[in-house]
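Peer 1:
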Amino acid sequence: MIVEHANAKTKKNKEVNLRNFSEIVFCAVSEYQQVRGYGTHLMNHLKDYHIRLNITNLLTYADGFAVGYFKKQGFSSTITLNEQVYTGYIKDYDGATLMQCSLYTQVTYTRLTETLSLIKESINVIRTHRFNQIKQAHPDAKFLPNDIHTTDLNNYDNLLNIDHNNINSSDETVDINLLYITLKSVYQEIRSHSYASHVQKRTLIQDYLSIQPVFPIDLDTIHDRLKTKYYHNAYTFTADISRLLDIVGRAYSNQKKDIVNEIRIFDTFVRRKMNEFGLEIGQAQQIYE
387 MIVEHANAKT KKNKEVNLRN FSEIVFCAVS EYQQVRGYGT HLMNHLKDYH IRLNITNLLT
447 YADGFAVGYF KKQGFSSTIT LNEQVYTGYI KDYDGATLMQ CSLYTQVTYT RLTETLSLIK
507 ESINVIRTHR FNQIKQAHPD AKFLPNDIHT TDLNNYDNLL NIDHNNINSS DETVDINLLY
567 ITLKSVYQEI RSHSYASHVQ KRTLIQDYLS IQPVFPIDLD TIHDRLKTKY YHNAYTFTAD
627 ISRLLDIVGR AYSNQKKDIV NEIRIFDTFV RRKMNEFGLE IGQAQQIYE
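Its first residue numbered 387, the sequence shown is counted upward by one per residue in our numbering.
In structure tokens form, the structure reads like this:
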């Protein structure tokens with residue numbers, strides 16, 4: 387792969403940010419290697435490299451054979467850059483299509499597959515949880531085997547919120563208030579623990595960031611979410627706490643023995659408190675040995 391930065395043809399470094407693009411001049415992967423995903427792997431590293439340089443646009447001229455590949459990599463023939471930005475800085479090719487890819491600085495492209503898998507898994511867990519709520523509220527309802535994957539569960543929210551004996555528009559508000567009384571109470575119990583300092587944003591070790599750089603979670607983030615009423619149900623709060631314990635447990639697993647022991651004690655305390663407040667959470671994984 388050959389990449390040419392826009393400033394390669396400029397005389398002043400300050401023009402780097404003004405141009406804000408690089409041109410992919412040549413990109414090729416051996417045909418017998420293409421099915422192994424090397425083309426995507428190569429492009430993802432290139433994107434992360436450009437984000438580190440604060441360059442957020444890639445341009446390329448793709449021939450008829452390459453258009454499909456570049457579309458899969460997020461390129462589009464719709465050019466959002468001002469034509470004056472790149473005219474004279476890239477070479478025109480007859481019969482080729484000019485394509486652009488805009489990069490998102492909050493995305494780590496080399497971990498994109500892992501991130502999307504995490505999102506997909508989270509969605510499936512939430513759908514399963516909500517589907518089970520519907521079945522508990524209406525045990526006589528009949529569902530097809532694949533309904534859990536194909537049904538828009540948002541259409542069934544009213545089934546979970548209806549009080550057939552006493553319909554009151556303020557019921558939902560009361561439920562939310564009760565929910566937050568519970569969540570804030572258990573949060574205060576957790577935050578006041580003597581070892582809770584290990585899971586606050588300012589004290590988390592570097593290993594934590596290497597394990598969870600995309601969707602970081604800590605006690606301070608959970609506190610902010612409580613303040614903004616981010617949690618619409620107890621399940622999402624429980625999921626955040628569970629994820630926090632799992633990630634922190636792995637991050638601290640190679641620390642000194644006394645630190646590991648403190649994390650283990652904190653983990654046990656949090657799980658016990660969550661269960662005491664009726665917020666079911668699983669047992670700790672074997673990550674401390």
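Glycine included, each C-beta is placed from N, C-alpha and C at the ideal position.
A quick note: this is a predicted structure, and the numbers were derived from the prediction, not measured.
For Y447, is the classification buried or exposed, using 16 other Cβ atoms within 10 angstroms of its Cβ as the cut-off for buried?
Peer 2: Result: buried.
Peer 1: Using the beta-carbon count (16 or more within 10 Å), is S555 buried or exposed?
Peer 2: Because S555 carries a pLDDT of 42, less than 50, the predicted location of this residue cannot be relied on, and the following value inherits that uncertainty. Per the 10 Å Cβ criterion, exposed.
Peer 1: Determine the closest residue to Y490 out of G481, I441 and D626, with distance taken between C-alpha atoms.
Peer 2: The candidate whose alpha carbon is nearest that of Y490 is I441.
Peer 1: What is the rounded straight-line gap between the Cα of G474 and the Cα of H427?
Peer 2: Distance between the alpha carbons of G474 and H427: 30 angstroms.
Peer 1: According to DSSP, is I567 part of a helix, a strand, or is it coil?
Peer 2: Looking at I567 - three-state DSSP - the assignment turns out to be helix.
Peer 1: When burial is assigned at 16 or more other CB atoms within 10 Å of the CB, is I633 buried or exposed?
Peer 2: Result: buried.
Peer 1: What residues in its chain sit with their C-beta under 7 angstroms from that of K433, if we drop five residues either side in the sequence?
Peer 2: So the qualifying residues of the chain are L489 and Y495.
Peer 1: Looking at the strands, I want to know which residues DSSP matches up with S462.
Peer 2: According to DSSP, which records beta bridges pairwise, S462 is partnered with Q486.
Peer 1: Counting only the same chain and skipping the five closest in sequence on each side, list residues whose C-beta sits under 7 angstroms from that of H579.
Peer 2: Excluding sequence neighbours, H579 sits near F652 and F655.
Peer 1: CB-CB under 7 angstroms to F456, same chain, minus the five flanking residues each way: which ones, in chain order?
Peer 2: So the qualifying residues of the chain are T446, A448 and M485.
Peer 1: What's the C-alpha gap between E401 and M429?
Peer 2: Reliability fails at E401, whose pLDDT of 36 lies under 50, so the model's placement of it is uncertain and the value that follows must be treated cautiously. C-alpha separation (whole angstroms): 24 angstroms.
Peer 1: First and last residue of the beta strand (DSSP E) that includes V411?
Peer 2: That run of the beta strand (DSSP E) goes S408 to F412.
Peer 1: Excluding sequence positions up to five away, which residues of its chain have a Cβ less than 6 angstroms from the Cβ of C487?
Peer 2: Cβ within range, chain order: L444, G460 and F461.
Peer 1: Per DSSP, I645 is paired with what?
Peer 2: In the DSSP output, where bridge partners are listed per residue, I645 has none listed.
Peer 1: Between E662, E648, Y621 and L631, which has its C-alpha nearest S508's C-alpha?
Peer 2: S508 has its Cα closest to that of Y621, out of E662, E648, Y621 and L631.
Peer 1: Rounded to the nearest angstrom, what separates N563 and F663 at their Cα positions?
Peer 2: Answer to the nearest angstrom: the Cα atoms are 15 angstroms apart.
Peer 1: For my contact list, I627 and Y638 are in at a C-beta cut-off of 8 angstroms; report their separation, rounded to the angstrom.
Peer 2: Not a contact, Cβ separation roughly 16 angstroms.
Peer 1: Going by the CB atoms, is the gap between D606 and Q574 shorter than 7 angstroms?
Peer 2: No, Cβ-Cβ distance for Q574 and D606 is not below 7 angstroms.
Peer 1: Starting from T614, trace the beta strand (DSSP E) in both directions and tell me its first and last residue.
Peer 2: Note, T614: premise wrong, no beta strand (DSSP E); not H, not E.
Peer 1: With distances taken between CB atoms, is the gap from L665 to T614 smaller than 7 angstroms?
Peer 2: Going by C-beta atoms, L665 is not nearer than 7 angstroms to T614.
Peer 1: Counting along the chain, where does the alpha helix (DSSP H) carrying L445 start and finish?
Peer 2: From DSSP, L445 is part of no alpha helix (DSSP H) but of the beta strand (DSSP E) over N443 to A448.
Peer 1: Using the C-alpha atoms, what's the distance from Y617 back to I603?
Peer 2: Looking at the two C-alpha atoms, the distance is approximately 14 angstroms.
Peer 1: What do you get for I576, buried or exposed, if any count of 16 or more other CB atoms within 10 angstroms of its CB means buried?
Peer 2: With 16 or more other Cβ atoms within 10 Å, it is buried.
Peer 1: Run through the DSSP bridge pairs and tell me what I476 is partnered with.
Peer 2: According to DSSP, which records beta bridges pairwise, I476 is partnered with T473.
Peer 1: Assuming T483 and S503 form a contact by the criterion Cβ under 8 angstroms, report the distance between their Cβ atoms to the nearest whole angstrom.
Peer 2: Their Cβ separation, rounded to whole angstroms, is 31 angstroms, which puts T483 and S503 out of contact at 8 angstroms.
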